[in-house]
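Take a look at the structure set out below.
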Amino acid sequence: MTPDDRGFRREMASAYRSGWQFIDLATAIPHIGDSLMVTLFGQPIVITREEDEDVRAYRCLRRPRGAPQPVRCEVRYGMVFVNLDQRDHQLFEPDITTATPRSA
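Start counting the sequence shown at 186; every next residue gets the next number (this note's numbering).
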């Protein structure tokens with residue numbers, strides 16, 4: 186491994202891995218049971234349309250008999266996003282609700 190490889194891997198882990206990543210349009214998996222396999226930061230991810238028509242993502246483990254791990258997945262504006270970083274909890278800022286005025 187050259188010094189450039191280490192720097193690249195460190196940059197990928199810190200800057201790009203944290204946060205939501207665009208995968209594809211939701212139309213790429215239009216029907217129940219359709220799936221899409223992608224590699225994101227060296228990890229195989231399966232995006233699938235489940236029986237309830239929701240889009241879900243799973244990290245494929247390479248160890249024997251490893252069950253796929255769910256990955257946070259959101260569909261916004263017809264686009265599929267996934268987040269591999271467990272520290273991030275929001276795709277977008279939460280809606281700010283306005284306080285209701287008190288009645289006299």
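Using N, Cα and C, we set each Cβ at its ideal position, and we do this for glycine too.
Taking Ala213 as reference, the option from Asn268, Leu225 and Val260 with the minimal CA-CA separation is Val260.
Spatial neighbours of Arg244 in its own chain (CB-CB distance under 7 Å, excluding positions within 5 residues in sequence) are listed in chain order as Gln228, Ile230, Pro253, Gln254 and Val256. DSSP, reduced to helix, strand and coil, places Asp190 within a helical segment of the structure shown. Per DSSP, reduced to three states, the secondary structure at Ala242 is strand. Within a 10 Å sphere around the beta-carbon of Ile208 sit 16 or more other beta-carbons, which makes this residue buried. DSSP, reduced to helix, strand and coil, places Glu196 within a helical segment of the structure shown. Residue environment for Leu210: exposed (fewer than 16 other C-beta atoms within 10 angstroms of its C-beta).
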